[in-house]
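One structure is given here, and the rest of the page talks about it.
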Amino acid sequence: MKTKYTICAGMVALSASIVTSGVALAADPVRVTQQGKQFSEKNVNLSAGQEIIFVNNDTVAHNVYTIVQGKKRDLGLQKSGEEDSITFDAAGTYRVRCAIHPKMKMVVKVD
Amino acid sequence: MNIVKSVSAVTILGITLTGISTLITADVHDMRDAYKRPSSIPFPEENPYGAEKAELGKQLFFDPRLSRENNLTCGSCHNPSFAWEDAQATSVGTPMSRLGRHTPTVLNLAWGEIFFWDGRAETLEEQALGPIQAGGEMAQDMDLLIHELKAVPGYVESFEDVFPGEGVTPENIGKAIATYERTIVSAQAPFDAWVEGDEDAITDAAKRGFELFNTKAKCVACHDGWNFTDWGFHDIGLDDRDEGRFEVLEIDALKHSFKTPGLRNIVERAPYMHDGSLKTLEEVVDHYNDGFNARPSLSPEMVQLNLTEDEKSDLVAFLRTLSSDDPEVSLPKLPN
Numbered sequence: 516m517k518t519k520y521t522i523c524a525g526m527v528a529l530s531a532s533i534v535t536s537g538v539a540l541a542a543d544p545v546r547v548t549q550q551g552k553q554f555s556e557k558n559v560n561l562s563a564g565q566e567i568i569f570v571n572n573d574t575v576a577h578n579v580y581t582i583v584q585g586k587k588r589d590l591g592l593q594k595s596g597e598e599d600s601i602t603f604d605a606a607g608t609y610r611v612r613c614a615i616h617p618k619m620k621m622v623v624k625v626d
Numbered sequence: 020m021n022i023v024k025s026v027s028a029v030t031i032l033g034i035t036l037t038g039i040s041t042l043i044t045a046d047v048h049d050m051r052d053a054y055k056r057p058s059s060i061p062f063p064e065e066n067p068y069g070a071e072k073a074e075l076g077k078q079l080f081f082d083p084r085l086s087r088e089n090n091l092t093c094g095s096c097h098n099p100s101f102a103w104e105d106a107q108a109t110s111v112g113t114p115m116s117r118l119g120r121h122t123p124t125v126l127n128l129a130w131g132e133i134f135f136w137d138g139r140a141e142t143l144e145e146q147a148l149g150p151i152q153a154g155g156e157m158a159q160d161m162d163l164l165i166h167e168l169k170a171v172p173g174y175v176e177s178f179e180d181v182f183p184g185e186g187v188t189p190e191n192i193g194k195a196i197a198t199y200e201r202t203i204v205s206a207q208a209p210f211d212a213w214v215e216g217d218e219d220a221i222t223d224a225a226k227r228g229f230e231l232f233n234t235k236a237k238c239v240a241c242h243d244g245w246n247f248t249d250w251g252f253h254d255i256g257l258d259d260r261d262e263g264r265f266e267v268l269e270i271d272a273l274k275h276s277f278k279t280p281g282l283r284n285i286v287e288r289a290p291y292m293h294d295g296s297l298k299t300l301e302e303v304v305d306h307y308n309d310g311f312n313a314r315p316s317l318s319p320e321m322v323q324l325n326l327t328e329d330e331k332s333d334l335v336a337f338l339r340t341l342s343s344d345d346p347e348v349s350l351p352k353l354p355n
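Here the protein sequences come in this chain order: S and P.
This note's numbering puts the first residue of the first sequence at 516, with every later residue one more than the last.
This note's numbering puts the first residue of the second sequence at 20, with every later residue one more than the last.
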């Protein structure tokens with residue numbers, strides 16, 4: 516987590532030169548927690564290039580996955596306290612699910 | 020969150036003032052609140068409940084003409100006399116051949132998420148059509164079945180009443196059977212009476228078993244909620260080459276994983292596990308205690324429990340309180 520915040524702070528300092536060169540900055544990551552065998556969000560809207568950090572705050576293991584551009588994006592087994600992220604580069608609608616607990620599901624819309 | 024924090028504060032105070040037994044009692048009360056029965060059956064918007072639809076579904080469920088040889092019904096394996104299972108390790112299909120997996124109950128499927136032991140059907144409507152057409156099960160050709168049912172005036176009339184303008188179609192067969200299946204709900208058990216506050220409804224051994232279920236024995240990690248299932252998929256370390264859910268969704272954690280069965284009326288549903296390999300609840304408890312195969316895909320929730328013999332006995336006593344005296348199921352009259 517400290518690393519992520521440090522990068523964000525650095526981005527502020529660099530933003531002037533990035534804007535002038537025409538490169539768009541991805542928005543900050545969105546944090547989604549897993550607790551009580553549920554995702555904290557059912558629907559998330561993102562901009563292309565934005566990422567979701569999936570945090571396991573549960574007492575049991577989870578396994579987040581989705582299909583991105585036809586390919587399975589599998590975060591693997593996440594034990595309690597662990598976190599990992601998926602970056603959504605392309606516009607579209609994505610169904611995210613826990614492979615172990617299929618009642619845990621959310622929809623990600625990327626513009 | 021504020022409420023949770025308040026409860027914690029009271030619990031802490033309880034230890035200070037009256038000792039550890041107060042904490043245990045308070046925790047057990049909190050635990051059993053998580054098992055309260057729902058007040059109504061959920062039906063999907065795409066296939067809402069209708070009494071005539073459920074009755075049509077019941078007729079189809081118990082009609083042997085749905086099988087190729089006209090000798091098997093859905094109820095042949097999902098037998099209400101055995102809590103909607105069949106008391107065999109694995110059932111017999113067409114042509115009199117053993118199936119690969121144990122028959123799961125159809126109790127309480129209205130609350131299900133994805134269906135079959137390996138979750139290969141996204142809806143109950145889709146699931147209902149699977150065994151009818153599966154080669155080793157009822158082995159029916161769907162086009163032939165539609166032709167057969169359309170030749171029965173009573174069915175043509177019923178389908179038209181329930182699905183006006185659509186009539187006999189595979190989708191409507193699935194919808195009718197799924198609607199009937201959603202009405203199959205286990206009734207009030209002694210455990211439910213205890214959850215509602217009748218302290219005499221279950222024995223002290225069963226109460227101790229319930230606490231173990233939620234603590235040391237870790238059963239609740241997967242068997243949670245009023246139907247005692249997370250509807251999830253776990254490798255519980257049975258010695259079996261069947262890769263289960265992994266054959267449908269290739270994710271490493273799913274190797275050898277199968278759907279968590281609910282535990283309602285579990286006494287009546289022996290033998291146990293997806294392969295029917297364990298004959299008694301005592302064997303099941305022994306398996307979870309230390310009898311599992313610790314392979315790489317084993318669920319991280321599976322750990323050696325070190326239960327004493329008394330604790331194992333208490334767990335089984337608790338499981339026996341989940342049996343309900345369900346009303347007898349009468350066979351429907353079928354159109355001919």
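We put the CB at the ideal spot given by N, CA and C, even for glycine.
Quick one: measure Cβ to Cβ for P:W136 and P:K278, integer angstroms, because I've assumed they're closer than 8 Å.
The residue labelled residue 136 of chain P in the question sits at position 117 within the second sequence. The residue labelled residue 278 of chain P in the question sits at position 259 within the second sequence. Yes, they are in contact, since the Cβ atoms of P:W136 and P:K278 sit about 6 Å apart, within 8 Å.
Just grab the DSSP bridge partners of S:H577 for me.
Here the question's residue 577 of chain S lines up with position 62 in the first sequence. Answer is S:Q593, bridged to S:H577.
Whole beta strand (DSSP E) runs in the stretch 229-313 of chain P with 3 or more residues, listed along the chain?
As far as the stretch 229-313 of chain P is concerned, it has no whole beta strand (DSSP E) run of at least 3 residues.
For S:V547, I'd like the list of residues in its chain whose CB is within less than 8 Å of its CB, leaving aside the five on either flank, ordered along the chain.
Counted from its first residue, the first sequence places residue 547 of chain S at position 32. Apart from the 5 residues on each side of it in sequence, S:V547 sits with its Cβ closer than 8 Å to the Cβ of F554, S555, E556, V559, I567, I568, F569, V570, M621 in its chain, given in chain order.
Do you know offhand how far P:D211's Cα is from P:R56's?
Taking the second sequence and counting its residues from 1, one reaches residue 211 of chain P at position 192. Taking the second sequence and counting its residues from 1, one reaches residue 56 of chain P at position 37. Roughly 7 Å separates the two Cα atoms.
Please classify P:G155: does DSSP put it in a helix, a strand, or coil?
For the purposes of this step, residue 155 of chain P is taken as the residue at position 136 of the second sequence. Three-state result, P:G155: coil.
Using 8 Å as the Cβ pair cut-off and three pairs as the minimum, do the stretch 178-187 of chain P and the stretch 58-67 of chain P touch?
no
Please classify S:H616 as buried or exposed, where buried requires at least 16 neighbouring CB atoms within 10 angstroms.
Numbered from 1 along the first sequence, position 101 holds the residue referred to as residue 616 of chain S. S:H616 should be labelled buried.
What residues from chain P crowd round S:V575, counting only those whose CB sits closer than 7 Å?
Numbered from 1 along the first sequence, position 60 holds the residue referred to as residue 575 of chain S. Here the neighbours are A240, E320.
Using the rule of at least 16 other Cβ atoms within 10 Å of the residue's Cβ for burial, across every protein chain shown, is P:L163 buried or exposed?
Stepping through the second sequence from its first residue, residue 163 of chain P is reached at position 144. Classification for P:L163: exposed.
Where does P:V125 fall in DSSP's three states?
Reading the second sequence from its first residue, position 106 is the one you call residue 125 of chain P. Coil.
Nearest by alpha-carbon distance to P:R201: which of P:S342, P:I192, P:G76 is it?
As a position in the second sequence, residue 201 of chain P is number 182, starting the count at 1. Here the closest residue by C-alpha is P:G76.
Closest by CA to P:E330, which one among P:L231, P:C93, P:E156, P:E132?
Locating residue 330 of chain P in the second sequence gives position 311, where the first residue counts as 1. Per the Cα distances, P:L231.
Please check if any C-beta of chain P sits within less than 8 Å of the C-beta of S:N578.
Here the question's residue 578 of chain S lines up with position 63 in the first sequence. Chain P, which has a Cβ nearer than 8 Å to the Cβ of S:N578, makes this yes.
What's the C-alpha gap between P:S110 and P:Q78?
Along the second sequence, read from residue 1 onward, the residue named residue 110 of chain P stands at position 91. Along the second sequence, read from residue 1 onward, the residue named residue 78 of chain P stands at position 59. Approximately 22 Å, taken between the alpha carbons.
Which of helix, strand or coil DSSP assigns to P:I196
As a first step, residue 196 of chain P is located in the second sequence; it is residue number 177 there, counting from the start. Three-state DSSP puts P:I196 in a helix.
Select from P:G112, P:D49, P:L317 the residue whose C-alpha is nearest the C-alpha of P:S86.
Reading the second sequence from its first residue, position 67 is the one you call residue 86 of chain P. Here the closest residue by C-alpha is P:G112.
Does the distance from the CB of P:T198 to the CB of P:N66 come in under 8 Å?
Along the second sequence, read from residue 1 onward, the residue named residue 198 of chain P stands at position 179. Along the second sequence, read from residue 1 onward, the residue named residue 66 of chain P stands at position 47. For P:T198 and P:N66, yes; Cβs fall inside 8 Å.
Nearest CA to the CA of P:S276: which residue from P:N284, P:D259, P:P290, P:K235?
For the purposes of this step, residue 276 of chain P is taken as the residue at position 257 of the second sequence. Per the Cα distances, P:D259.
Run down chain S in chain order and give the residues with a C-beta less than 7 Å from the C-beta of P:D52.
For this step, residue 52 of chain P is matched to residue 33 along the second sequence. Simply none; closest approach about 14 Å.
Listed by chain order, chain S residues near P:L273 by CB distance under 9 Å:
Within the second sequence, numbered from 1, the residue matching residue 273 of chain P stands at position 254. Here the neighbours are N578, A614, I615.
I want to see whether chain P comes within less than 8 Å of S:K557, judged by CB atoms only; does it?
Working through the first sequence from its first residue, we reach residue 557 of chain S at position 42. It does not; no Cβ of chain P falls within 8 Å.
Quick check: the stretch 305-316 of chain P against the stretch 256-271 of chain P, are there 3 or more CB pairs under 8 Å?
Pairwise C-beta distances place the stretch 305-316 of chain P in contact with the stretch 256-271 of chain P, as three or more of them are shorter than 8 Å.
For P:S342, count the other beta carbons within 10 Å of its own beta carbon; 16 or more makes it buried, fewer makes it exposed. Which is it?
Mapped onto the second sequence, residue 342 of chain P falls at position 323. By the 10 Å Cβ count, P:S342 comes out buried.
I'd like to confirm the pairing. Which residues does DSSP put opposite S:Y609 in its beta bridges?
Position 94 of the first sequence, counted from the first residue, corresponds to residue 609 of chain S. Note: S:Y609 sits in a beta bridge opposite S:V623.
List the residues of chain S that P:I270 touches, going by C-beta distances under 7 Å, in chain order.
Indexing the second sequence from 1 puts residue 270 of chain P at position 251. Here the neighbours are N578, Y580, D589, A614.
Taking the continuous alpha helix (DSSP H) assigned at P:F210, which residues delimit it?
The residue given as residue 210 of chain P occupies position 191 in the second sequence. Counting along the chain, the alpha helix (DSSP H) containing P:F210 begins and ends at 209-214.
With distances taken from CA atoms, which of P:I133, P:A206, P:H97 is nearest P:T248?
Against the second sequence, residue 248 of chain P aligns to sequence position 229. Comparing Cα positions, the closest option is P:I133.
Can a CB atom of chain P be found closer than 8 Å to the CB of S:K594?
The sequence position of residue 594 of chain S within the first sequence is 79, counting from 1. Answer yes: the Cβ-Cβ gap between S:K594 and chain P drops below 8 Å somewhere.
Of all Cβ atoms in chain C, is any one closer than 8 Å to the Cβ of P:F252?
Absent from the structure: chain C. Protein chains present are S and P.
Tell me whether S:S600 sits in a helix, a strand or coil according to DSSP, three-state version.
Locating residue 600 of chain S in the first sequence gives position 85, where the first residue counts as 1. Residue state, collapsed to three classes: strand.
Residue from S:A606, S:D599, S:L561 with nearest C-alpha to S:Q584:
In the first sequence, counting from the first residue as 1, residue 584 of chain S sits at position 69. Here the closest residue by C-alpha is S:A606.
Excluding the 5 residues preceding and the 5 following P:P99 in the sequence, name in chain order all residues of the same chain whose CB lies nearer than 6 Å to its CB.
Working through the second sequence from its first residue, we reach residue 99 of chain P at position 80. Within the same chain, P:P99 has close Cβ partners V348.
Helix, strand or coil at P:K55 [DSSP, three-state]
As a first step, residue 55 of chain P must be located in the second sequence, where it is residue number 36. If DSSP states are grouped into helix, strand and coil, P:K55 belongs with coil.
Pick helix, strand or coil for P:E167, following the three-state DSSP scheme.
Position 148 of the second sequence, counted from the start, is the residue given in the question as residue 167 of chain P. Helix at P:E167.
Quick one, are the C-beta atoms of P:L317 and P:H306 less than 8 Å apart?
Taking the second sequence and counting its residues from 1, one reaches residue 317 of chain P at position 298. Taking the second sequence and counting its residues from 1, one reaches residue 306 of chain P at position 287. Not closer than 8 Å, so no.
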